[in-house]
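Asks:
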Amino acid sequence: MEYSDFPYPKNTPLFPKNTVVANYLRSYARELEERGSIRYDTKVNMVKLRRHKGNDNMWEVVCEHTGSKAVTLEYYHSVVVASGFFTKPRVPPVFQFKPHSAIDIIHSMHYRLEEQFRGKKVLIVGKGPSYWDMSIAISKVSDGPVLVSVRDPDNKFVPSQGPASQRVVSEVAKLSAANRKVEFVSNPEEEVDIILLCTGYTYDFTMIPCVQTSNDDKRVLSLYEHMIFIDEKSDPTVPEDLRKIPIKSVLGPQKFPGRSTLAFVGLPTMDSAFLVAEAQSAFIARFLSGRLYKTVPELKEARDAQAREFNKAVATGKRTLEEFHVLNYPNDAEYVDKLFAECLKAENPAHMGIGKLPIFHSPELHWVRTPNFPDGGIGSIRDRFNELNIRGGSSFPTVESLGFNFDDSAKGVKRDGQTIMAALQTLMEEKRSKWTEDYKAWEKASDEWHTRWVEKAIEFRDWQLAKDFSSVSI
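Residue numbers (my numbering): 590 to 1063.
Structural data, given as structure tokens:
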């Protein structure tokens, strides 16, 4: 939960509360405000591709200014949608509103303070990111242990609090409208006063008519790597029962190959949202600037290959249809490293410019995020943090402060070429520094840098080829 170029204040707890994260993001926003990069009090009502001043590829953005209510039209060459998918709560059918129900049901989107749960028997459904902070706060004021309903309660799920404060149960099978009884798939029924749904969200991009979703709103159609929109009436790789009736795209035929100028940041459901968003931002900046060039056929081919792989996983029971945009560990780590490799293509030759430094998934982060094992792992680390945090006396800002020590031989470490990626990242930082200090001097002396870059790039390519070959079954 941290951007690589904007660290948290010193001594911030390893697992910060949501209020701490909110303050961190406000501080990050203030830095952007000082650059004049943010405009507030503006609501986007509609985004369409229009002809403007002789240009067929301008995005018309209909803006409503929240103070004056004035509506203006603004035009941009590119649009990046960074709203994520936190606008339309996902409410499973069993929890949808029932008049005169004895049980209160709210979604985490509407959670404000734990006081509304004080003295009540509480059931939390889901184990997503919103669960962690909310469940800890609620456990301190609820009547008895908080029940936590998950799909697979035996799948090594570690609650945010111990058994005295929280108890894991199976999926909810039925609610009674007449009383406070909740029936579970494989647990005895319980009496509950209030249910908190940490069940996530569905996609809603009604303000961008050219963007279509599947019938269940769990999948945004025709995207390259969950980011770049490809203009099509429908996505032919989607199973037939998920397709919507095709609607005419407002984009029309594109005159220039590779002219896809609508991008999304933070669309997937993922464990490490900040890491993935930063990796996507580096790729999108290079793509929209033209430094990283891909034709529409290339985008389509990659999209179709991704869809075929996903559909195969669905057919074999490894994934479900609603999980197309789900990037839990280690899938998010592989995705970040894949985008890092794509960004490398924009760095050679040396005069192609600089931009947002791409990131990769470090060995230490692999070690931290690997499921429980004796010398580390997110479950063990979180358990130790919760145990020591209750006693007080320290903010525990690092894994070392909790008694864990990372080294190259630690169990669970995945090196996988990160040494090469670190060397390439260092070369990019060197290029950025010299380019910024004196571009003319850099231009004259860039041949030596270029030689070192090519050597490392070849080493990286050879590692990728070896890795891909080793994954092939013979």
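For each residue, glycine too, the CB sits at the ideal point set by N, CA and C. Being a predicted model, the structure only gives us computed values, none of them experimental.
Straight-line CA distance for residue 735 to residue 983?
Replies: The residue you call residue 735 lines up with position 146 of the sequence shown. The residue you call residue 983 lines up with position 394 of the sequence shown. Rounded to whole angstroms, the separation of the alpha carbons of residue 983 and residue 735 is 27 Å.
Asks: Over the uninterrupted beta strand (DSSP E) stretch that includes residue 975, give me the two end residues.
Replies: The residue labelled residue 975 in the question sits at position 386 within the sequence shown. No beta strand (DSSP E) contains residue 975, which is instead part of the alpha helix (DSSP H) from 967-980.
Asks: Which partner residues of residue 635 appear in the DSSP bridge assignment?
Replies: Your numbering for residue 635 matches position 46 in the sequence shown. Beta-bridge pairing links residue 635 to 651.
Asks: Taking one C-beta from the segment 1009-1026 and one from the segment 916-924 each time, how about it: are there three or more such pairs within less than 8 Å?
Replies: no
Asks: Is DSSP giving residue 887 helix, strand or coil here?
Replies: For this step, residue 887 is matched to residue 298 along the sequence shown. Residue 887 falls in the helix class under three-state DSSP.
Asks: How many whole angstroms separate the CB atoms of residue 592 and residue 675, which I take to be in contact at a CB cut-off of 8 Å?
Replies: Reading the sequence shown from its first residue, position 3 is the one you call residue 592. Reading the sequence shown from its first residue, position 86 is the one you call residue 675. About 18 Å; that fails the 8 Å criterion.
Asks: Using three-state DSSP, classify residue 769 as helix, strand or coil.
Replies: To locate residue 769, count along the sequence shown from 1; it is residue 180. Three-state result, residue 769: coil.
Asks: For the structure I just gave you, are there three or more beta carbon pairs, one from the segment 932-951 and one from the segment 877-893, closer than 8 Å?
Replies: yes
Asks: Could you check the C-alpha separation between residue 656 and residue 630 for me, to the nearest Å?
Replies: Start at 1 with the first residue of the sequence shown, and residue 656 comes out as number 67. Start at 1 with the first residue of the sequence shown, and residue 630 comes out as number 41. Cα to Cα, the separation comes out at about 7 Å.
Asks: Which residues in the same chain as residue 782 place their Cβ atom closer than 6 Å to its Cβ, once the five residues preceding and following it in sequence are excluded?
Replies: In the sequence shown, counting from the first residue as 1, residue 782 sits at position 193. 709, 710.
Asks: By the DSSP assignment, the beta strand (DSSP E) with residue 664 in it spans what residues?
Replies: For this step, residue 664 is matched to residue 75 along the sequence shown. Residue 664 -> beta strand (DSSP E) spans 660-665.
Asks: Considering only their Cβ atoms, is the gap separating residue 854 from residue 916 smaller than 8 Å?
Replies: As a working note, residue 916 is residue 327 in the sequence shown. As a working note, residue 854 is residue 265 in the sequence shown. For residue 916 and residue 854, no; Cβs fall outside 8 Å.
Asks: Taking only the alpha-carbon atoms, compute the straight-line gap between residue 753 and residue 637 and give it to the nearest angstrom.
Replies: Here the question's residue 753 lines up with position 164 in the sequence shown. Here the question's residue 637 lines up with position 48 in the sequence shown. Each residue's alpha carbon lies about 54 Å from the other.
Asks: Find out if the Cβ-Cβ distance for the pair residue 911, residue 807 is shorter than 8 Å.
Replies: For the purposes of this step, residue 911 is identified with residue 322 of the sequence shown, where counting begins at 1. For the purposes of this step, residue 807 is identified with residue 218 of the sequence shown, where counting begins at 1. Closer than 8 Å, so yes.
Asks: Give a yes or no on contact between the segment 812-822 and the segment 691-708, applying the rule of three or more CB pairs nearer than 8 Å.
Replies: no
Asks: Mind checking which residues open and close the beta strand (DSSP E) that includes residue 1007?
Replies: In the sequence shown, the residue the question calls residue 1007 occupies position 418. Premise fails: residue 1007 lies in the alpha helix (DSSP H), 1007-1026, not in any beta strand (DSSP E).
Asks: For a cutoff of 8 Å on Cβ pairs, would you count residue 960 as touching chain B?
Replies: Of the protein chains in this structure there is only one, and it is not chain B.
Asks: Using a Cβ-Cβ cut-off of 8 Å (strictly less than) and excluding sequence neighbours within five positions of residue 733, which residues of its own chain qualify?
Replies: On the sequence shown, residue 733 is found 144 positions in, with the first residue counted as 1. These residues qualify, in order along the chain: 710.
Asks: Are the beta-carbon atoms of residue 792 and residue 891 separated by less than 8 Å?
Replies: As a working mapping, residue 792 is identified with position 203 in the sequence shown. As a working mapping, residue 891 is identified with position 302 in the sequence shown. Contact: no.
Asks: How many Å lie between residue 1054 and residue 992 at the Cα?
Replies: By one-based count along the sequence shown, residue 1054 stands at place 465. By one-based count along the sequence shown, residue 992 stands at place 403. C-alpha separation (whole angstroms): 38 Å.
Asks: Distance, Cα to Cα, residue 594 vs residue 644?
Replies: In the sequence shown, the residue the question calls residue 594 occupies position 5. In the sequence shown, the residue the question calls residue 644 occupies position 55. Going from the Cα of residue 594 to the Cα of residue 644 covers about 36 Å.
Asks: Could you tell me which residues DSSP pairs with residue 785 in its beta bridges?
Replies: Here residue 785 corresponds to residue number 196 of the sequence shown, with the count starting at 1. Answer by DSSP bridge pairing, in chain order: 695, 713.
Asks: Quick check: the Cα distance between residue 1050 and residue 624, rounded to an integer number of angstroms?
Replies: Within the sequence shown, numbered from 1, the residue matching residue 1050 stands at position 461. Within the sequence shown, numbered from 1, the residue matching residue 624 stands at position 35. Looking at the two C-alpha atoms, the distance is approximately 38 Å.
Asks: Which residue from 698, 683, 658, 660 puts its Cα closest to that of residue 677?
Replies: Indexing the sequence shown from 1 puts residue 677 at position 88. Here the closest residue by C-alpha is 698.
Asks: In terms of residue numbering, what span does the beta strand (DSSP E) encompassing residue 853 cover?
Replies: Mapped onto the sequence shown, residue 853 falls at position 264. Its beta strand (DSSP E) spans residues 851-853.
Asks: Excluding the five sequence neighbours on either side, which residues of its own chain have a C-beta within less than 8 Å of the C-beta of residue 1052, listed in chain order?
Replies: Stepping through the sequence shown from its first residue, residue 1052 is reached at position 463. So the list reads 1006, 1009, once near-sequence residues are dropped.
Asks: My output table needs one value for residue 790: the three-state DSSP class, helix, strand or coil.
Replies: Working through the sequence shown from its first residue, we reach residue 790 at position 201. In this structure, residue 790 counts as strand in the three-state DSSP scheme.
Asks: Measure the C-alpha to C-alpha separation of residue 681 and residue 788 and round it to an integer number of angstroms.
Replies: The residue you call residue 681 lines up with position 92 of the sequence shown. The residue you call residue 788 lines up with position 199 of the sequence shown. Whole-angstrom Cα-Cα distance: 8 Å.
Asks: Which residue wins for smallest C-alpha separation from residue 939, given the options 1019, 688, 694, 639?
Replies: Here residue 939 refers to the residue found at position 350 when the sequence shown is read from its first residue. When only C-alpha atoms are compared, the closest one is 1019.
Asks: Counting only the same chain and skipping the five closest in sequence on each side, list residues whose C-beta sits under 7 Å from that of residue 942.
Replies: Against the sequence shown, residue 942 aligns to sequence position 353. Closer than 7 Å at the Cβ level, and outside the excluded window around residue 942, lie 880.
Asks: What three-state label does DSSP hand residue 1049 in the structure shown?
Replies: Looking up residue 1049 in the sequence shown gives position 460. Looking at residue 1049 - three-state DSSP - the assignment turns out to be helix.
Asks: According to DSSP, is residue 817 part of a helix, a strand, or is it coil?
Replies: For the purposes of this step, residue 817 is identified with residue 228 of the sequence shown, where counting begins at 1. Here residue 817 sits in strand by DSSP.
Asks: Just grab the DSSP bridge partners of residue 590 for me.
Replies: Start at 1 with the first residue of the sequence shown, and residue 590 comes out as number 1. BP columns for residue 590 are empty, so no partner.
Asks: If you follow the alpha helix (DSSP H) that residue 774 is part of, which residue opens it and which one closes it?
Replies: For the purposes of this step, residue 774 is taken as the residue at position 185 of the sequence shown. Taken as a continuous stretch (DSSP letters only), residue 774 belongs to no alpha helix (DSSP H), as it is neither H nor E.
Asks: Please report the straight-line C-alpha distance between residue 766 and residue 690, rounded to a whole angstrom.
Replies: Locating residue 766 in the sequence shown gives position 177, where the first residue counts as 1. Locating residue 690 in the sequence shown gives position 101, where the first residue counts as 1. Answer to the nearest angstrom: the Cα atoms are 4 Å apart.
Asks: Hey, which unbroken runs of the alpha helix (DSSP H) at 4 residues or more fall wholly within the segment 898-960?
Replies: 920-932, 952-958
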